[in-house]
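Counting in our numbering, the sequence shown tops out at residue 769, every number present.
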Amino acid sequence: MNLEISFPMPKSLLVLILLLSSISPLAAQPQLDLMPLPQNVQLGSGQLLINQSFSVGFTGDKDARLQAAAGRFLQHLSRQTAIPLDTRPSDGANGTLVIAVEHASKQYPELGEDEAYELQVSPSGARLTAPTTLGAMHGLETFLQLVQPSPAGFAVPALVIKDQPRFPWRGLMLDVARRFEPISAIKRTLDGMEALKFNVLHLHFSDDQGFRVESKNFPKLQEKGSDGLYYTQDDIRDLIAYAADRGIRVIPEFDMPGHSISWFAGYPDLASAPGPYRIERTWGIHNPAMDPTRESTYKFLDKFVDEMAGLFPDHYFHIGGDEVNGKQWDANPKIQEFMHSHAIKNDQDLQAYFNSRLEKIVSKHHKLMIGWDEILRPDMPQTIVIQSWRGQASLAQAAKQGYRGLLSSGYYLDLMWPAVMHYNVDPLSGDAANLTPEQKQLILGGEACLWSEYVSPENFDSRLWPRAAAVAERLWSAQNVRDVNSMYQRLEAMRTWLEWLGNTHVSSYYLMLHRLAGEENIGPLKVLGDVVEPVKDYTREDLASTPATSLTPLNRLVDAVPPESEKGRQFADMVQQVVAGKATPALYAQIRAELTLWRANDSRLQPLLQHSLLLKEVAPLSHNLSACAATGLQAIDYLTGGQRPPESWTTQQLSMLQQAMKPGHAQLLLMVAAPIESLVRASAGLHPASAARRRRSSARSGK
Ligand code: ACM
Numbered sequence: 067m068n069l070e071i072s073f074p075m076p077k078s079l080l081v082l083i084l085l086l087s088s089i090s091p092l093a094a095q096p097q098l099d100l101m102p103l104p105q106n107v108q109l110g111s112g113q114l115l116i117n118q119s120f121s122v123g124f125t126g127d128k129d130a131r132l133q134a135a136a137g138r139f140l141q142h143l144s145r146q147t148a149i150p151l152d153t154r155p156s157d158g159a160n161g162t163l164v165i166a167v168e169h170a171s172k173q174y175p176e177l178g179e180d181e182a183y184e185l186q187v188s189p190s191g192a193r194l195t196a197p198t199t200l201g202a203m204h205g206l207e208t209f210l211q212l213v214q215p216s217p218a219g220f221a222v223p224a225l226v227i228k229d230q231p232r233f234p235w236r237g238l239m240l241d242v243a244r245r246f247e248p249i250s251a252i253k254r255t256l257d258g259m260e261a262l263k264f265n266v267l268h269l270h271f272s273d274d275q276g277f278r279v280e281s282k283n284f285p286k287l288q289e290k291g292s293d294g295l296y297y298t299q300d301d302i303r304d305l306i307a308y309a310a311d312r313g314i315r316v317i318p319e320f321d322m323p324g325h326s327i328s329w330f331a332g333y334p335d336l337a338s339a340p341g342p343y344r345i346e347r348t349w350g351i352h353n354p355a356m357d358p359t360r361e362s363t364y365k366f367l368d369k370f371v372d373e374m375a376g377l378f379p380d381h382y383f384h385i386g387g388d389e390v391n392g393k394q395w396d397a398n399p400k401i402q403e404f405m406h407s408h409a410i411k412n413d414q415d416l417q418a419y420f421n422s423r424l425e426k427i428v429s430k431h432h433k434l435m436i437g438w439d440e441i442l443r444p445d446m447p448q449t450i451v452i453q454s455w456r457g458q459a460s461l462a463q464a465a466k467q468g469y470r471g472l473l474s475s476g477y478y479l480d481l482m483w484p485a486v487m488h489y490n491v492d493p494l495s496g497d498a499a500n501l502t503p504e505q506k507q508l509i510l511g512g513e514a515c516l517w518s519e520y521v522s523p524e525n526f527d528s529r530l531w532p533r534a535a536a537v538a539e540r541l542w543s544a545q546n547v548r549d550v551n552s553m554y555q556r557l558e559a560m561r562t563w564l565e566w567l568g569n570t571h572v573s574s575y576y577l578m579l580h581r582l583a584g585e586e587n588i589g590p591l592k593v594l595g596d597v598v599e600p601v602k603d604y605t606r607e608d609l610a611s612t613p614a615t616s617l618t619p620l621n622r623l624v625d626a627v628p629p630e631s632e633k634g635r636q637f638a639d640m641v642q643q644v645v646a647g648k649a650t651p652a653l654y655a656q657i658r659a660e661l662t663l664w665r666a667n668d669s670r671l672q673p674l675l676q677h678s679l680l681l682k683e684v685a686p687l688s689h690n691l692s693a694c695a696a697t698g699l700q701a702i703d704y705l706t707g708g709q710r711p712p713e714s715w716t717t718q719q720l721s722m723l724q725q726a727m728k729p730g731h732a733q734l735l736l737m738v739a740a741p742i743e744s745l746v747r748a749s750a751g752l753h754p755a756s757a758a759r760r761r762r763s764s765a766r767s768g769k
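Put into C-alpha cells, the structure is as follows:
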C-alpha cells in the first residue's frame, strides 16, 4: 500500500493515516523526524534494516567530494547506531545504498546549482539519484534523519522522497567581529548547516569591535584591530574547503564605510577624522566612517579587495554598508567642500558615491557586490544583491527595481525570539507577496543572522541551535509547510541530532550551570534555568546598570539558558488545554506535579544562590517562581474543586503575576508566569488575558 503525503498534512489526512496504521503495516512506521521537510514523501510498506553489512556504492559520477560525503555519511550512521561499519564507500555499483549522480558539481559550490534529489528506500535496499553531487549530499542527510530504532533493530522506513529547495540561497550569517569564534566552533556549525541543508555561510568579519582576517597587504588590520583573535589565511582556506566539502559557500563581509573603527586602529588615515583610534568595545552606531572623498581610500580598498578576492573563491563579496550616521563627514570641512564641488547633496548621496566607487573595485576583481538595504540606489548596477535587515518591504522595493535580494529581517537569532516567530517569517510574504512571478524570482532566499554582542564560544551553539533549523525549513520546504506543532516536534529531534553532530548547545548549558553553582548538584538551578528565557530584542541593553562591552564575561544565568524555554512552552500548551476546557485528570496531575516541583524549588535553591556571587541576582526570580507556582496550585484546586476563588484572592494573585512577568531580574523572563495567570483567570471565570498584550514586541533597532 502506498500513501502519498504532501506536507503539510491536513488534520483529516493525519486521522486517516492513524486509522489506517492500526490495520496496516504502517503500524510499525515511526514518525518521520525530517527537517527541513521534503517537498514530497510517499510512504511504502516495510523497512530497510541497518546492520553491520550496510554499504554504499555508486553507479554514476563519483567525484572526490561525493566519496568524502559518503564516507562521512557512513561514519555518522555508525555513530548514530553504534554499529561498527566499514566507513569506506565501495568502488563499484554494489551497496545497500546506491548513489547515482548524473554529473559532478564543481568543487566549489555555486549559486543556483541543481540541488534536487530522489531517495527510494525499500526493504531490500536504497537508491539515491540526483543530477548533481550537491543533490546527492542533501539526500544523504535526509537518509540519516530517517534512521530510527525499530523492534527489529535500526531501520529506515520504505518510502520515496522527491525533494528540492524552494530557494537557492539558504544562509547563516555569523558575526565573528564583535566577538571572535574559534574555527572549531565554525566547523561544527558547518556540520549542523549541512544536516539542515543550509548552503551559505556568511561571515561578518569586520566591525568597530574587531577585524578578523589576516591581511598580508595590510597587516596592521589584524595586528591592531583584533586583540590577536583573527583567522590566518590558512585558517580561511581550510574553512572554505571544509564548507565546500559540505556543499556550503562562504561569503566574506567587510563592513564599510561605517562600522569600521577596527580598520582605523591600524590605518587611521582611512577615517574621516584624525586618530588615533582603538578597537571599540561598546555597541551601537558609532561616528567614525571611511573618508569617501580621498583617492587614497580607494587605492587602499583596491589592494584590499584584490587580496580578499583571491582568498575567497565565491562570486559574491559583501561590503556591509549599513548604519552610517554621517557625523564625521558633517564635521569635516574638506569633505563638505568635496560634496559641494561635486554637487553631492547629503550624506546618503555621499555614501552612494562611495558605494559606486567600491562596486567598480569589487567588479574589477571579478566579484558581485552584496550589501545591506542601505546600498540600494537607482544608479547601482543590477548585478548587486540587497540583503534586507529592514523587512519584506525593502526587499520588494529592490525586486521591483530589478535587484536580487535576500531576507534577514525576522531571522535575527540574537533577538532571542522563539522559533515560531522566525518560522512564520516568509521571504515572499508582506509586500513581497504582491510581486510578479518574475520579480519573485529575484528573491533568492534569506539568511538567519547571529549578531554576537552576547555570544561567546560557550553559548554560541545554544544561540544558534536548534532555532536556526526553523529558518532552514522556511527556506527549503514548500511555502505551505506551516504546522507549528509539527515544527516544534521535529525541532526537538533536531536538538539532539545537532548535538550528535558535535554541536554543544545541550552540553554547554550543563557546564555553564556547573560553573555558576560551583558544585555538582545543579538540580534546583536547572529547575529554575529550564523555565526562564533571556529578555527579548535589545531589552538587555536597557536593563543593564552598566552597559556590556565586548570584554564583558558572558557567564551569568542569562548567558547559559537557552533562548527558548522548552519547559515553558510545554507548560503553556498544557494550560491551554485547561483554558479550552479539555483538561483530563491526567493532565491536571501533570500540571500539579510541575507546579509542586517549582513551589518547593526556592527553598532548595536559596542556599546555593547565597554562596555564588554570579547567582545572587537570580534570588528574586527564584522566589517568584515558587510564589507563582503556589498560586497556580491554588488555582488548580479551585478549578478541580468546582469552586470560584474569592475576588480579593484573584485580584491579589493577578497583581503578583503581573509583577512576576516583567523583565527585570537578572535580565531574564519567567516563562511560566503568563500560563499561571491564565490558570488564575480560568479559575475565576475571567476571559483569557488579551494575546495582544502579551505578544512579544517585534520592534528592533540597529546593530
Ligand atoms: C544591521 O542589522 N545593521 C545589518
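Glycine included, each C-beta is placed from N, C-alpha and C at the ideal position.
Quick caveat, the model's predicted, so the values are computed rather than measured.
Problem set entry | DSSP three-state assignment for Y174, whether helix, strand or coil | Y174: coil per DSSP, three-state reduction.
Exercise. When the Cα of W438 is compared with those of Q700, Q417 and V644, which residue comes out closest?
Worked result: Q417
Exercise. Measuring from the CB of E389, is there a heavy atom of the ligand ACM at a distance below 6 Å?
Worked result: yes
For this session: Run the proximity test for W455: is its beta-carbon closer than 6 Å to any non-hydrogen atom belonging to the ligand ACM?
Result: yes
Exercise. Helix, strand or coil for D229 per DSSP?
Worked result: Here D229 sits in strand by DSSP.
Exercise. Can you name the start and end residues of the alpha helix (DSSP H) that F271 belongs to?
Worked result: Run containing F271: none in the alpha helix (DSSP H); it sits in the beta strand (DSSP E), V266 to D273.
For this session: Verify the contact flag: W438, CB atom, against every heavy atom of the ligand ACM, threshold strictly below 6 Å.
Result: yes
Exercise. When DSSP labels each residue in this structure, what does F378 get in the three-state scheme?
Worked result: coil
For this session: Measuring alpha carbon to alpha carbon, tell me which of D625, P741 and E513 ends up nearest Q733.
Result: D625
For this session: Within the same chain, show all residues whose beta-carbon is closer than 6 Å to that of V187, passing over the 5 residues directly before and after it, in chain order.
Result: L114, V222, A224 and L225
For this session: Would you kindly check if the distance between the Cβ of A695 and the Cβ of R665 is under 7 Å?
Result: yes
Exercise. For Q458, is the classification buried or exposed, using 16 other Cβ atoms within 10 angstroms of its Cβ as the cut-off for buried?
Worked result: buried
Exercise. By how many angstroms is the C-alpha of K426 removed from the C-alpha of Y364?
Worked result: 10 Å
Exercise. Are K433 and F366 close, meaning C-beta to C-beta below 7 Å?
Worked result: no
Problem set entry | DSSP beta-bridge partners of M435 | F383
For this session: Sort D480, S574 and E346 by Cα distance to K290 and report the nearest one.
Result: The candidate whose alpha carbon is nearest that of K290 is E346.
For this session: Can you say whether H753 is buried or exposed, counting buried as having 16 or more other CB atoms within 10 angstroms of its CB?
Result: exposed
Exercise. Of the residues L723, L530 and A355, which one's Cα is nearest the Cα of A514?
Worked result: L530
Problem set entry | Secondary structure of D241, DSSP reduced to three states | strand
Exercise. For the candidate residues T208, A251 and G191, whose alpha-carbon lies nearest to that of S522?
Worked result: A251
Problem set entry | Top-ranked residue by Cα proximity to E660, from L681, S692 and V645 | Here the closest residue by C-alpha is S692.
For this session: State buried or exposed for L617, treating a residue as buried only when at least 16 other CB atoms are found within 10 Å of its CB.
Result: exposed
For this session: Would you identify the three-state DSSP class for N551, choosing helix, strand or coil?
Result: Correct three-state label for N551: helix.
Problem set entry | Presumed contact (8 Å Cβ cut-off) between P197 and L510, rounded CB distance | Between the beta-carbon of P197 and that of L510 there is about 20 Å, and that puts the pair past the 8 Å contact cut.
For this session: Determine the extent of the beta strand (DSSP E) in which A192 is found, giving its start and end residues.
Result: G191 to T198
Problem set entry | Own chain residues within Cβ distance below 6 Å of L699, not counting five before or after | L661
For this session: Name the one or two DSSP bridge partners that M356 has.
Result: A337
Problem set entry | Among A649, I742, L479 and R622, nearest to E683 - alpha-carbon criterion | Cα-wise, what sits closest to E683 is R622.
Problem set entry | When T605, L620, E558 and A614 are compared against S770, the one with the closest alpha-carbon | What is shown of the chain runs 67 to 769, which leaves residue 770 out entirely.
Exercise. So is A777 buried or exposed if we call it buried at 16+ other beta carbons inside 10 Å?
Worked result: Shown here, the chain extends from 67 to 769; a query on residue 777 therefore has no answer.
Exercise. According to DSSP, which residues form a beta bridge with Y183?
Worked result: D229
For this session: Kindly indicate which residue of N353, G332 and L442 has the alpha-carbon position closest to the one of Y343.
Result: G332
For this session: Given a cut-off of 7 Å, decide if P532 and L557 are closer than it, judged by their beta-carbon atoms.
Result: Yes, these two residues count as a Cβ contact at 7 Å.
Exercise. Based on the DSSP secondary-structure assignment, which residues constitute the bridge partners of W235?
Worked result: G511
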